[in-house]
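Using this note's numbering, read the sequence shown as starting at 95 and increasing by one per residue. Backbone N, C-alpha and C fix where the C-beta goes; we use that ideal spot for every residue, glycine too. Fair warning: this is a prediction, and the values are worked out from it, not measured in the lab.
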Amino acid sequence: MPRRYLVTSGLPYSNGRLHVGHIAGAYLPADTYVRFLRARGDDALFICGSDDNGVAIEISARKAGTTPAAVSSHFNARQKADFAGLRIDFDVFGGTHQPGFADLHTRISQEFFKRIFDQGCFTKRTTKQLYDPVAKRFLPDRYVRGICHHCKDHETYGDQCEKTGAIVDPLLLINPVSQITPGQAAEVRETTHWYLRLAEFEKPLAEWLQTKQGQWRPHVLNFALGQIKNGLPERAMTRDIDWGIPVPLDDPDAKGKVLFVWFDAPIGYVSFTAQLLAGRGGSPEDYRKWWADPDSAIVHFIGEDNTVFHALIWPAMLMAEGRHQLPSYVVANNFVNLGDAKVSKSQTAPDSPVWVEEFLKRFDPDTLRFYLTHIAPETSRTSFDPADFVNKVNSVLVSKFGNFVNRYPKFLIENFGGRIPDAKLTEADQAQLAAAGEAMKRIGELIEGFRFRAAMDEFISFVSSCDLYIGQRAPWKSRKTDLADTAACIATCANLAHHLAIMAWPFMPGASERLLKMLNAPPGPIRWTPPPPFAP
Numbered sequence: 095m096p097r098r099y100l101v102t103s104g105l106p107y108s109n110g111r112l113h114v115g116h117i118a119g120a121y122l123p124a125d126t127y128v129r130f131l132r133a134r135g136d137d138a139l140f141i142c143g144s145d146d147n148g149v150a151i152e153i154s155a156r157k158a159g160t161t162p163a164a165v166s167s168h169f170n171a172r173q174k175a176d177f178a179g180l181r182i183d184f185d186v187f188g189g190t191h192q193p194g195f196a197d198l199h200t201r202i203s204q205e206f207f208k209r210i211f212d213q214g215c216f217t218k219r220t221t222k223q224l225y226d227p228v229a230k231r232f233l234p235d236r237y238v239r240g241i242c243h244h245c246k247d248h249e250t251y252g253d254q255c256e257k258t259g260a261i262v263d264p265l266l267l268i269n270p271v272s273q274i275t276p277g278q279a280a281e282v283r284e285t286t287h288w289y290l291r292l293a294e295f296e297k298p299l300a301e302w303l304q305t306k307q308g309q310w311r312p313h314v315l316n317f318a319l320g321q322i323k324n325g326l327p328e329r330a331m332t333r334d335i336d337w338g339i340p341v342p343l344d345d346p347d348a349k350g351k352v353l354f355v356w357f358d359a360p361i362g363y364v365s366f367t368a369q370l371l372a373g374r375g376g377s378p379e380d381y382r383k384w385w386a387d388p389d390s391a392i393v394h395f396i397g398e399d400n401t402v403f404h405a406l407i408w409p410a411m412l413m414a415e416g417r418h419q420l421p422s423y424v425v426a427n428n429f430v431n432l433g434d435a436k437v438s439k440s441q442t443a444p445d446s447p448v449w450v451e452e453f454l455k456r457f458d459p460d461t462l463r464f465y466l467t468h469i470a471p472e473t474s475r476t477s478f479d480p481a482d483f484v485n486k487v488n489s490v491l492v493s494k495f496g497n498f499v500n501r502y503p504k505f506l507i508e509n510f511g512g513r514i515p516d517a518k519l520t521e522a523d524q525a526q527l528a529a530a531g532e533a534m535k536r537i538g539e540l541i542e543g544f545r546f547r548a549a550m551d552e553f554i555s556f557v558s559s560c561d562l563y564i565g566q567r568a569p570w571k572s573r574k575t576d577l578a579d580t581a582a583c584i585a586t587c588a589n590l591a592h593h594l595a596i597m598a599w600p601f602m603p604g605a606s607e608r609l610l611k612m613l614n615a616p617p618g619p620i621r622w623t624p625p626p627p628f629a630p
């Protein structure tokens, strides 16, 4: 395994607030992973930023009666605050159209497009496209909705079926309707675009994906390989809209066209890395150490709806461009529902704690980090249940974790002057400390394998064993008859708490820091290794 990791989270559209489903899918597991890598001693960069270009932002600006720039800047700032409130600590949170990032992002994206063009991987084609005769403009994929031509029973946008994840041909949508003029049936007219010939990459993509067997989650691999088996259609990488990166071609037909947002968005991972390293005093070209060096692992964390882009289209783009390495891992999580339905921006009350901003007004961020990891949608969709959230926090974090770490200090203060006693440990004490080391090892292995839910279960299981341990050792009894035995138990508890503080760090950094402070642990970065016993 490489010891240098570049970790990304899918770029959120800067046209709305973040909710618990976003966090559970692409951001919290990535932050947990990065914290573990760094505690293990690895070199890691954590890259993200807002997706500011394209149709979604333009639609939001139209509805709000403002500009795309104003919308994207507003929500970029709010999203950044939400992430900070949850202690999701990116090295950089940029934005594809934000000041300080837009110029470099535009340059790198246009260079990327031009290089693929020069490699002969695009086909210029005049084709039919849906058109709004009232608005007098062509309709990109996200500007039209209709019944999916694959499943024939689900209304979706013209790029990807929201039910099955399959790539949609907008011209094959059943009863397509414009999203600009409400209720307006879309017409078919001719326009010119540049198409990436994805079919030419089917064989190399399939061969590359086969090398990921046993490493990637099966549902990600199966989905991607299934799409290849069905055949990858050509995909237009340009659009007829006003908001985006101009197509960098000296061709009259390119005038007024921009890059497809899903072409430039993943390039944001590259441009934000370049901007970050340049801001640290280096050259923008320093990013190649991370993006072109096989000693670096590139790990993408995404939601299920982005699988087709990260497992197929983005790797095809990288193959065509030829100067960057392909992802080492694509870690896709399923959706988190609210009850039986997907969290909806339009149907969820604005003051609901499902929104991160509202949640942080009422609860400690570690409680959400704990619960979303506990229900992590790694292999199937899960549900955010407010009643279950309260129950799990009380029954696990309070009654187990909080109970144990607050149980023994009373004895430490009352019987040993607040200092760790010098004690000869019993076999039971030594066995529990050995179990702590084994639990840390197992949790680390599970995090490394992207099994965050199982890692949290292992943490909870070990916390329960610590509760059971102190209950069986019963220092409240032994301190009346055998203070040496009490000393051994309490010294063991303090060291167990130190282990727990380290194990909690990737999941609940605030709780970890508070516990380390309570223990008066030596300062310095957290290391993923059993800590030495506290000196008396």
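Fully contained in the region 117-203 are the following alpha helix (DSSP H) runs of length 4 or more, in chain order: 122-134, 149-158, 162-179.
Around the Cβ of histidine 199, a 10 Å sphere holds 16 or more other Cβ atoms; the residue is buried. For arginine 382, the enclosing alpha helix (DSSP H) starts and ends at 382-385. Listed as beta-bridge partners of serine 558 by DSSP are no residues whatsoever. Residues of the same chain with a CB within less than 6 Å of the CB of glutamate 415, apart from the 5 flanking positions on each side, are Phe206, Arg209, Ile210 in chain order.
For threonine 520, the CB contacts under 7 Å within the same chain, skipping 5 residues up- and downstream, are Ala582 in chain order. By the neighbour-count criterion, in which a residue is buried when 16 or more other Cβ atoms sit within 10 angstroms of its Cβ, asparagine 109 is buried. With a beta-carbon spacing of about 12 Å, phenylalanine 453 and valine 487 fall beyond the 8 Å limit used to define contacts. Burial check for leucine 562: the Cβ neighbour count within 10 Å stays below 16, so the residue is exposed. According to the DSSP assignment, leucine 224 belongs to the beta strand (DSSP E) that extends over 216-226. The shortest C-alpha to C-alpha distance from glycine 135 to any of Gly143, Ala150, Leu112, Arg97 is the one to Arg97.
The Cβ-Cβ distance between alanine 118 and valine 430 falls below 8 Å. Our two residues, leucine 466 and alanine 528, have alpha carbons roughly 29 Å apart in a direct line. The C-beta separation of isoleucine 541 from tyrosine 127 comes to about 6 Å, placing the pair in contact by the 8 Å criterion. With fewer than 16 other CB atoms across the displayed protein chains lying within 10 angstroms of its CB, glycine 512 is exposed.
Look at isoleucine 514 here: in three-state DSSP terms it is coil, with no helix or strand label. Contact annotation, phenylalanine 232 with threonine 285: C-beta distance approximately 5 Å; criterion of less than 8 Å satisfied. Between tyrosine 121 and isoleucine 182, the CB-CB gap stays under 8 Å.
The straight-line gap separating the alpha-carbon atoms of asparagine 170 and arginine 283 is approximately 36 Å.
Residue burial is scored here from C-beta neighbours: glutamine 254 has at least 16 other C-beta atoms within 10 angstroms and is therefore classed as buried. Taking a C-beta distance under 8 Å as the contact criterion, cysteine 142 and serine 166 do not qualify as a contact pair.
In the structure shown, asparagine 497 adopts helical secondary structure according to DSSP, grouped into three states. Excluding the 5 residues flanking it on each side, cysteine 587 has same chain C-beta neighbours closer than 7 Å at Tyr502, Ile564, in chain order. Counting C-beta atoms within 10 angstroms of its own C-beta, threonine 461 has 16 or more neighbours from the protein chains shown and is therefore classed as buried.
Taking the Cβ atoms as the reference, alanine 368 lies roughly 4 Å from tyrosine 381, within the contact range of under 8 Å.
For phenylalanine 395, DSSP records a beta bridge to Ser103, Val425.
By the neighbour-count criterion, in which a residue is buried when 16 or more other Cβ atoms sit within 10 angstroms of its Cβ, tryptophan 570 is exposed. Between glutamine 321 and the set Lys306, Ile261, Ser365, the nearest pair of CA atoms involves Ile261.
Using a C-beta cut-off of 8 Å, the region 315-330 makes contact with the region 406-413, since at least three inter-stretch Cβ pairs fall below that distance. Under the three-state reduction of DSSP output, asparagine 614 falls in the coil class, being neither helix nor strand.
Residue nearest to alanine 280 within the set Asp226, Pro625, Arg172 is Asp226 (criterion: CA-CA distance). The beta carbons of lysine 351 and aspartate 334 sit closer together than 8 Å.
Here tryptophan 337 carries a coil assignment [DSSP, helix/strand/coil]. With distances taken between CA atoms, threonine 220 lies nearest to Ala348 out of Ala348, Lys323, Val149. Residue pairing by DSSP places phenylalanine 232 opposite Tyr225 in a beta bridge.
DSSP places proline 409 in the uninterrupted alpha helix (DSSP H) bounded by 408-415.
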